[in-house]
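For what it's worth, UniProt numbering labels the leading residue of the sequence shown as 1, then goes sequentially.
The beta-carbon is built from N, C-alpha and C at its ideal position, and this holds for glycine as well.
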Amino acid sequence: MVKRKPYGEGAHAGKRQKTSHAHEAPTSEDVHTSRQLRQLLSFEQDLRQSRHGLQSFKILLDSIVNGEDGSSEKQEMVVEYLEAVKPREREDEVPVYLPDLMETWGMASQMSNENVMSAVAVVLALLLRVISANVNLVPYGLGICRTLLQKRQQELIAKNLSADKGKDFIISPTLRLLREATSLDGGTLAAPIFRARNNTFKSLARNMGLRYLGEGIEDTKRPSVRTNAIQFLLSSLRLLHVEAKRDLLLQKDVVAALMRHLRDDPPHLLYAILDTLRACVVLDKKLSKDVKIKLLNSHSLTRIASLYGYSHDKAESKDTSGADRPSVEEAAHGFLIAACTDPAAGILRSQHGYYPEGINPDSLLLGTNYTNSVDFGIDSIPWMNKFEDDVPVRNSLLAEFIQTLRPWSNTKQSELLITIFEAAPELVAQYFSHKKSFSFEPKLSATWIGYAALLYNVIQLPIPAYFGHSNNYAQAPPPIAVVIGNIIPAPVTLKVMTRCLANKSGLISFYAIRMLVLALQKLARILTMYREASSSEDSLWNEAARRLIDDFYQSIPDIKDIISHYRTISDDDLLQREATSRLLLLYYEVIPQLALRAKFDVSPMLLASIQKVEASNGTGEDSVMALMELEHLCTLARYSPGMRWFARTPGASTSPFTTLLRLCVHKTMDTSQVELTNVLYSVADESQLVESRPRKPGLAPLIAALRKLEDVDPAIWSFLDNCAERCARSPIKYLEMVEEQLDKAGIGEDEEAVCCPLMMTIAEQVSFFVASSPGKSSLKALAQLLSEYLGYSKAAKVNKAFLVAAKELFAAGFEDKKIAAKLSIPKRSTSDASKQDAQGSEDVASKHSPSNGVVNGQSNPTITTKFTLSPQALAERLAVPIPPSKDSALLKWSTKTPEELVEEGHAASLIWLLCSEHPSIRREALTNIAKMAAKIKDDSPTYEDRDQVWLLLMELVETAREPILHVHAPTKGEEGQGQGQGQGHDGLPSIIAAFAARALDVLSNPLHPLYAKINAFLTSGPSWAPDRVPLLRAILQQNSPGDDGDVHARGRYYAELSWLLGLLLDGLRTPADVAVVFHRRRVFERLLAVPCNPYLGPGLRVLVLRVLYRATEIEGGSDTLVTRFGAVAWLVAQKAAVGVAGSGSGADGEANADAEAEAELYQALIRRLWDTCDKERIETWSKGGVRRLAEL
């Protein structure tokens, strides 16, 4: 084996010595004169000597830059040197500044002396920095920079820039030199430097990748190659003109390198990057959007978003001026907000809100033969059901970017996402349709809370104007799936929300409740916009609204689950109790169809809430929350059909009505006071405790009298409770007592006399109260209360004679004459009553005027003159659209369960196809109904109502078999009737289909008033008479329990009557319905007799008028009403009954205006009959009478 040579010998020794020489520290000397400096920098063949001179010059320049002692003298020395080496101007010669330095640089490059190559770049960069600080030296600097742009120097710069990756001591000074040259004199030479980019921007992308690899953050005094390269790039972006900036940004490798290692960059560099890009790119209006997108692509945005959570900026919390600067995270957040939400930035493109990309809602492609095809309604729009799994968007770049965010882990990212959603609503549904991993299963963790906060904010997003369509509503509504995705995002499913409500954590259930509240509020706003967009009742918007509600049902828990959750909430959790009560109220206000399915008695909860508020001290947040909960429950009680206002619950001393009255008397808080008072006035008005007239006192005198007493005896509260219950149970009795007292006082029926039935009830019950042997103090208190009641009633303009009679009746009930003698009618001022009471009385009076409520809510106190109701306004009040039958029901029912068939309306839709104008569809529907009945009977043993539903469907099949399967040719009398409403065919009468469809709802609700009657009807025979109205006689011929019946019997009767009038309205659709059913069976005659009931509610009167209006929409209907049933004379009589004769009566202005409005409604219906009848025939038949009445 050959012996290894000792160290220092051979080739290896030469290599080691060369390497050692390359890293030898430079020598230097102090410079005292410019001449010495010139000698040091003169060109030498010996590069060691050149390096010595360069190092000496560097130390001199460093001292000037750092402002050391004697820096001014040293700067003068530099100026003298520059002047001495300044080239002379000669023709045809390009001046070369600092020729010795340039020669030294060139020689070092030829000999590959990296130390000198680096030293020259360092010295030139420092020299330009010194020159840029002195305006007088700028010409020298420009000359040096122009010398650098000469071909030879460009090649030297390029060689330095393309040095090996490990030679940062060469690359960094060269980049600093280029940055100083670019920035000199405000960027005078920035453009020439960029034009030489083949050399000056050599290896820029590679150099931006040479980042700091040490531990921690890099030192600002020793920046890495990446830092220097990025600073050079940013200087160029700040100073270049638009075209050059465009060319620079179009270099993909440069943009990618800039964004690649952002998270590892030092804070000061990140601030510079974000500020420069925002000012010089994002906000530069001269720069085209296409160029901006080259920089701000999804990759770049994702890299910038990675700065969320950046933690290296704690040491640089202050800027150069000493002021606190935002963190890097905040700076990045502000940049992304500006870039993603400002259309000028180029990222955000114009979009159409809830309308996906690629559809035109104003151009509905319904087929070339649409006029002769079957109308499928909203199902005929090809794109309406296409966007359940994916939603195409215009902002594809943003859509790609937001998928990379983690909004559940960072509040800034969540805020950014919500801001993007607000700027581009089209992204909401698309985001969640692609976010399949987004699980909202309840689990109390920071991640779940982040999810919940995000979803909460998404639901809270505003709705774009016109749903994103420009200027106005489109012809077609947006896709249902997109709208649902914006109301309640895809992760919020029925299953998840039900689990959230059942979770033991109060925070999880509270989040779920709040999200449901927001979703229902948003649904209400959207439905309002749908109503605004619908041009007619049968428009696509109305059908879409119904479909939207149906789909919304499938995403939220049933109200039974909400009620169960509400009952489990502890009394101390006031915040959640208030939110849940608000949610229950929204169920009744926004989706009453779903809410009314539950049999919910709100009385116990209302009483408990009232007692809680009574027990509170009236101050603090807890009391306010309790009052808000009470307000929601009171309003909810007004909607709930099962609410018993005057029934005492076990353990309660008074009914809910009196308990609420006591609360309003004792509590004087502003919060919820108006709403609670309005509830009292409304209940009193509906139960006829007070007169139902506009601007009448209502309960205000009684409340004011009770407040006048410092403390009301519990016995008196029980007495008032008993009086209210009796008056509500038998109002006719006490109204007759009022009339009796007025007759005794000689007040005629035509005179305006304000009275109060409740006062008569009190007068009747005083003797019984005295007979119950109360204490003498209670009797005195009652006498004082009655006196105050009379006094405030007089101040409220109640008839004086009536009050005197009431006072005498009060006195007659007291056995103690001394106490009776104390009764009086003191003088009181209306200002003594609460302002809230007055407001409540006014509000409720306006809601329930005029007397029979046909024109409910349309009064205006400023109207004092007559007006004419236009045909359009009449249609808005009385027209009810006929929903089109959906042929798709032939297929949809087969995949549904029996519960879904009945509750979701699939069975009803199939039943209505029995009335289709196409014989083939009628026969197919008949077959499918028979199959549906068999499916319900045989395949659904767990369905509770299967027997009744099967019986109903099979009897319907038997009834429809003859008119559908045995079609006969039209008789002579039937010819020509095919022009009305698309009906010129034989088929099942509409009244039979309407009865079957509505009876299904009754059979699914055993508590319905008609449940027993419909079951009895179904068991009475195997089929029905097709030309008769089922249950018509059973409902109309029963005695009304108006006078002496109890409240429940009266309510049940009017509920049945309302159901029957709705049936008549649904069953009146074709000329055949008018002729065969309503005319032949004299249904109109029975209908016109219904309003003769003086106690008929306003809603039922409106239903009668709507049936008449529906008849005028059918060919021949108006002729039948006029000639066969005297409808014109009936309307004239109803108009006269209002009490208005031409210019009005002696009532006050508002009451007179209300009466005129109601009279004009009847007059408008007369005009409608005349406009839609056969005028020539009716003119001859009535000898011009109908025409004259219509022209009044």
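Which same chain residues, not among the five before or five after TYR456, have their C-beta less than 6 Å away from its C-beta?
Cβ within range, chain order: MET515.
Take the Cβ of ALA446 as the centre, count every other Cβ of all protein chains shown within 10 Å, and call the residue buried at 16 or more, exposed below.
exposed
Let me confirm a value: GLY1177 is counted as buried when at least 16 other C-beta atoms fall within 10 Å, else exposed. Which label applies?
It is Arg, not Gly, that sits at residue 1177 in the sequence shown. Its Cβ having fewer than 16 others within 10 Å, ARG1177 is exposed.
Is there a Cβ of chain C sitting closer than 8 Å to that of ALA771, yes or no?
Protein chains in the displayed structure number just one, and chain C is not present.
Answer with buried or exposed for GLU944, where buried requires no fewer than 16 other C-beta atoms within 10 angstroms of its C-beta.
exposed
From the DSSP output, in three-state form, read off ASP550 for me.
helix
Taking THR761 as part of the alpha helix (DSSP H), name the residues at either end of that continuous run.
In the DSSP annotation of this structure, the continuous segment of the alpha helix (DSSP H) that includes THR761 starts and ends at 757-771.
Measuring only the C-alpha atoms, how far is ALA795 from ALA700?
The straight-line gap from Cα to Cα measures roughly 11 Å.
So what does DSSP say about TYR1162, is it helix, strand or coil?
helix
What beta strand (DSSP E) runs, 3 residues minimum, are completely inside the segment 44-69?
none
Do the segment 705-723 and the segment 673-683 make contact, defined as three or more Cβ pairs closer than 8 Å?
no
ALA244 and MET208: beta carbons closer than 8 Å?
no
Distance check for ARG1168 and GLN872, CA to CA, integer angstroms please.
11 Å
Can the beta-carbon of TYR530 be found closer than 8 Å to that of ALA545?
Between TYR530 and ALA545, the CB-CB gap stays under 8 Å.
Here's a check: name, in chain order, each residue in its chain whose Cβ is nearer than 8 Å to the Cβ of LEU60, leaving out the five neighbours to either side.
Setting aside the 5 residues that flank it on each side, LEU60 is surrounded in the same chain by VAL31, LEU37, LYS74, MET77 and VAL78, each with a C-beta closer than 8 Å to its C-beta; the list follows chain order.
Could you check what DSSP says for SER778 in three-state terms: helix, strand or coil?
helix
So, does the segment 489-497 touch the segment 391-398, judging by three or more C-beta pairs under 8 Å?
no
Output yes or no for whether 8 Å exceeds the beta carbon distance between ILE513 and THR568.
Result no, Cβ atoms of ILE513 and THR568 do not sit closer than 8 Å.
Which residue from LEU101, GLN110 and LEU149 puts its Cα closest to that of LEU127?
The shortest Cα separation from LEU127 among LEU101, GLN110 and LEU149 belongs to LEU101.
Where do the N-terminal and C-terminal ends of the alpha helix (DSSP H) with THR147 fall, by residue?
Unbroken alpha helix (DSSP H) run through THR147: 138-148.
For ALA191, which residues from the same chain have a beta carbon less than 7 Å from its beta carbon, with the 5 sequence-adjacent residues on both sides left out?
LEU240, HIS241 and ALA244
Under a three-way DSSP split, which group does TRP1059 fall into?
Helix, per DSSP.
Could you tell me the alpha carbon to alpha carbon distance between LEU823 and LEU782, rounded to whole angstroms?
10 Å
How would you call SER118, buried or exposed, if buried means at least 16 neighbouring beta carbons within 10 angstroms?
buried
Quick check: LEU1003 and LEU952, are their CB atoms within less than 8 Å of each other?
yes
Residue range of the alpha helix (DSSP H) that LEU1087 falls in?
Its alpha helix (DSSP H) spans residues 1083-1089.
For my contact list, VAL458 and ILE418 are in at a C-beta cut-off of 8 Å; report their separation, rounded to the angstrom.
7 Å
Taking all protein chains shown into account, decide if MET111 is buried (16 or more other Cβ within 10 angstroms of its Cβ) or exposed.
exposed
Nearest to SER380 by alpha carbon, out of TYR310, GLU543, TYR308 and LEU296?
GLU543
Taking only the alpha-carbon atoms, compute the straight-line gap between LYS1135 and ALA1089 and give it to the nearest angstrom.
Near 15 Å, if we compare the C-alpha coordinates of ALA1089 and LYS1135.
Would you call the CB atoms of ALA805 and LYS744 closer than 8 Å?
Cβ atoms of ALA805 and LYS744: closer than 8 Å.
Can you give me the C-alpha to C-alpha distance between ILE304 and SER363, rounded to a whole angstrom?
41 Å
Taking the alpha carbon of GLY309 as the point to measure from, which residue in GLN593, ALA332 and PHE1125 has its own alpha carbon closest?
ALA332
Identify the continuous alpha helix (DSSP H) that holds ALA476 and give its terminal residues.
Premise fails: ALA476 is in no alpha helix (DSSP H) and is neither H nor E.
Which of the three DSSP states, helix, strand or coil, is assigned to PRO95?
coil
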